[in-house]
Each structure stands twice: as structure tokens, then as C-alpha cells.
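Engineer: Mind looking over this structure? Questions follow.
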Amino acid sequence: MDAQKLHLLALMFLSLFYLAKSFVPANSFLLNCGSNANASLYDSVFIADSAKPSSVSLTDKNPYPDSPILYRAALVFTSESSYEFSIKQNERGDSLGFRAHNKVLKEFLLRIDGEAFEIIFSPLGDFGFAFVSAIEVFSPPKDFIIDDGARLINGNGIESYKNLTSPVLETVHRVNVGGLKLTPFNDSLWRTWIPDDGFLVLESAAKKASTSHVPNYQNGGAAREIAPDNVYITAREMNRDNSMLNGIFNVTWDFPVGSLGAPYLVRLHLCDIVSPALNQLYFNVYINDFSAYTDLDLSLLTVHVL
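Letter by letter, the sequence shown follows residues -22 to -1, 1 to 284 of mature numbering (1 follows the signal peptide of the UniProt record, and there is no 0).
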């Protein structure tokens, strides 16, 4: 990847830990914008929201048969309009998703310290407009983003990075390495994970690995709400069986980003499903050719449990 694409990058990775209780968000608001009827999706009900000041409700009269119900209507705003949500006190952050009629998804994670949270839609220019088909606002699980433990990777080396919950985070890529596409049906937080095939620089350098065993969650790492089981039962490993490759090579992914010079957070989900025994797998991690981890041993991070 061109080193100019990422000027500043915070890196954190997660091994596994067990979360006993199913996740129930303290705050949850689901709106079916532009429709006069509630919509059920993934065992959740999106409440009808068909009337807002300076807005027009539009409905697709002839939707495609497989078109999700949330994308069959939309609210169109011709001037500034807003939504305000009452937030329970003592909540540290809320995950906010926008779903537009053309299936563009805007997803943000931000910290809410007050008792109210407002989303403002503001059209650009005299003839501009804004629109939205659905809104999701909900509190993420505790420690969904951890303030400490990340590393800042840049040309100056590696530095400790804290206060990850302070900035507003927008999802750019959510990738299931070595596995298939995962839809909101497979994820308790309704996320979509796309396969990594299109991001591999040299696909022959890696081979897919998988297991049928349920992940062995460990204290101090990820939970099922951080990523579903299906993320952790697949992986990629270096393809040393490929005789066309030299003995020393890397497995590299290249991710396009939108803003040059902006900071990016990369979160690595690691579950060792390929080692035959403990303390036999060591590898290095590089970000834009900068060293992030050297001789990383997952056995030490998972309390010597495979």
C-alpha cells in the first residue's frame, strides 16, 4: 500500500474472551424512515417514521423482490431537519448507523456524555436535498472500544495511543478474513462483514483455514459482540506449499481509504486455528511498511490455551 494513504494509524488487536450473557443495549432506537408502517428485520422492529418538518416521504411502488424492506421508503429533506434521542445517563457511547435508500451505509461510533443525542440532516446548496431510509441508534457493549492498548504506527515508530473513545469513529472496511460474506442475520449487532479476497495483493501467498469448533473465548480479549463466531472460525495462513513463491514472503492486504492524512484505526481479530501446539507460531505485523508487532505469539496472549 502507498505509504501516503495512511498518515496516522492506531492499531489494536483482540484475542478471545467469553461473554456469558447475551447483549441487550441500554439505549436502542430503530426508525423506518419514510414509511407509515413498522418493519420487522432480524428479530427487531423499526418504528414507522413518515412525517418530519420540511420532508417528503417517498415509497418504491415496484421494489425488487429481494429488496430489503428498509430500503423501500425514504424521507427526503429539502431544508435542515433533525432527530433527537434521549440517552440514559452513565452510558459511555452509542453506535449510530445511517441506511440510505440506495443501500449506502454510514456507521459511526461516538461517545455520548449528555442526556440527549441529535442527528442533523442539512442539504447542501440551494437545490440540494438529504435523504435517509432507516436510522439505528444503540449503545454498544461495554469495552466495545477500549481506551488503552492501541498502538500509534507512523514514521516516528510505535507509540502508545489512549482515549480511543474520544473521537468519532466511522467504519470504512469490515472484513472477514478467509471466510464468506456475513450478513446482519449472522451478527448480533446487525453488521455486514465482507470477504477479504478482493483486498489481497497476492492471493496465492495465502491459503484459507477453517475449523468447526466454537471459539474458545478467553478473559481479556474479544466477545461475540466484538465479532461473531463465524469470523473466528476462518483465517488465512501463509501458503508455504506454493513452490512458485520464494522462501521469504508476506501476506499483504491493500485497503483503499478516502481521506489522505486522516488517522485510521485498524483492529485485528486473531484466533489461532492453525497451530498444532503452543508457542510454535510467531509472526510480524506491518502497517504501510511500518513495524507494528515483532515475533507476535498468540499463545502468550491467550493464557496458553488453544
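The C-beta atom is built at its ideal place from N, Cα and C for all residues, glycine as well.
Quick check on the burial criterion: 16 or more other C-beta atoms within 10 angstroms. Buried or exposed for Phe163?
Structural biologist: Counting from 1 along the sequence shown, the entry for residue 163 is found at position 185. Classification for Phe163: exposed.
Engineer: Assign Thr230 to one of two classes, buried (16 or more other C-beta atoms within 10 Å of its C-beta) or exposed (fewer than that).
Structural biologist: The residue given as residue 230 occupies position 252 in the sequence shown. Label assigned to Thr230: exposed.
Engineer: What's the call for Ala213, buried or exposed, on a 16-neighbour Cβ count within 10 Å?
Structural biologist: Stepping through the sequence shown from its first residue, residue 213 is reached at position 235. Buried is the call here.
Engineer: Mind checking Arg218: buried by the 16 CB within 10 Å criterion, or exposed?
Structural biologist: Position 240 of the sequence shown holds residue 218. Exposed.
Engineer: Kindly indicate which three-state DSSP category Leu276 falls into: helix, strand or coil?
Structural biologist: The residue given as residue 276 occupies position 298 in the sequence shown. If DSSP states are grouped into helix, strand and coil, Leu276 belongs with the helices.
Engineer: Kindly identify the DSSP beta-bridge partner or partners of Asp27.
Structural biologist: Within the sequence shown, numbered from 1, the residue matching residue 27 stands at position 49. Looking at the DSSP assignment, Asp27 forms a beta bridge with Cys11.
Engineer: Runs of 3 residues minimum, wholly inside the segment 120 to 161: which ones carry the beta strand (DSSP E) assignment?
Structural biologist: Correct list: 128 to 132 and 135 to 139.
Engineer: Helix, strand or coil: which one does DSSP assign to Asn194?
Structural biologist: Here the question's residue 194 lines up with position 216 in the sequence shown. It is coil, neither helix nor strand.
Engineer: If contacts are defined as beta-carbon pairs under 8 Å, then Ala112 and Leu48 qualify, I think. What distance do you get, rounded to the angstrom?
Structural biologist: In the sequence shown, counting from the first residue as 1, residue 112 sits at position 134. In the sequence shown, counting from the first residue as 1, residue 48 sits at position 70. Ala112 to Leu48, Cβ: 4 Å. Contact.
Engineer: Can you give the Cα-Cα distance for Ser45 and Leu83, rounded to whole angstroms?
Structural biologist: Residue 45 sits at position 67 when you count from the first residue of the sequence shown. Residue 83 sits at position 105 when you count from the first residue of the sequence shown. Those two C-alpha atoms are separated by around 15 Å.
Engineer: Would you report the Cα separation of Ile97 and Val115, rounded to the nearest angstrom?
Structural biologist: Position 119 of the sequence shown, counting from 1, holds the residue named residue 97. Position 137 of the sequence shown, counting from 1, holds the residue named residue 115. C-alpha separation (whole angstroms): 10 Å.
Engineer: For Ala94, which residues in the same chain have their Cβ closer than 8 Å to its Cβ, ignoring the five residues on either side in sequence?
Structural biologist: Locating residue 94 in the sequence shown gives position 116, counting from the first residue. Same-chain partners within the cutoff: Glu62, Phe63, Ser64 and Ile65.
Engineer: Across which residues does DSSP place Ile265 in a beta bridge pair?
Structural biologist: As a position in the sequence shown, residue 265 is number 287, starting the count at 1. Paired residues: Phe268.
Engineer: Got a sec? Which residues, its chain only, sit under 6 Å from Leu88 by beta carbon, not counting five neighbours each side?
Structural biologist: As a working note, residue 88 is residue 110 in the sequence shown. The answer, listed in chain order, is Val146.
Engineer: Out of Asp273, Glu181 and Asn10, point me to the one whose CA is closest to Ile25's CA.
Structural biologist: One-based indexing of the sequence shown puts residue 25 at position 47. Nearest C-alpha to Ile25: Asn10.
Engineer: Looking at the secondary structure, which residues open and close the alpha helix (DSSP H) in which Val209 lies?
Structural biologist: Counting from 1 along the sequence shown, the entry for residue 209 is found at position 231. Run containing Val209: Asp207 to Tyr210, per the alpha helix (DSSP H) assignment.
Engineer: Examine the Cβ distances between the segment 174 to 185 and the segment 242 to 250 and report whether three or more of them are shorter than 8 Å.
Structural biologist: Flag = no, the segment 174 to 185 and the segment 242 to 250 do not touch.
Engineer: Kindly indicate which three-state DSSP category Ile98 falls into: helix, strand or coil?
Structural biologist: The residue you call residue 98 lines up with position 120 of the sequence shown. Ile98: strand per DSSP, three-state reduction.
Engineer: Hey, Ser59 and Pro31 are a contact pair by Cβ (cut 8 Å); roughly how many whole angstroms apart?
Structural biologist: Numbered from 1 along the sequence shown, position 81 holds the residue referred to as residue 59. Numbered from 1 along the sequence shown, position 53 holds the residue referred to as residue 31. At roughly 6 Å, the Cβ-Cβ gap stays under 8 Å, so Ser59 and Pro31 are in contact.
Engineer: Within a Cβ cutoff of 8 Å, which residues of the same chain sit near Lys159, ignoring the five residues on either side of it in sequence?
Structural biologist: Here residue 159 refers to the residue found at position 181 when the sequence shown is read from its first residue. Thr170, Trp171, Ile172 and Pro173.
Engineer: Which residues bound the beta strand (DSSP E) around Ala52?
Structural biologist: The count along the sequence shown starts at 1 and reaches residue 52 at position 74. Ala51 to Phe55 is the extent of the beta strand (DSSP E) around Ala52.
Engineer: Rank Leu238, Asp207, Leu274 and Thr161 by C-alpha distance to the C-alpha of Tyr20 and give the top, closest one.
Structural biologist: Numbered from 1 along the sequence shown, position 42 holds the residue referred to as residue 20. Among Leu238, Asp207, Leu274 and Thr161, the Cα nearest to that of Tyr20 belongs to Thr161.
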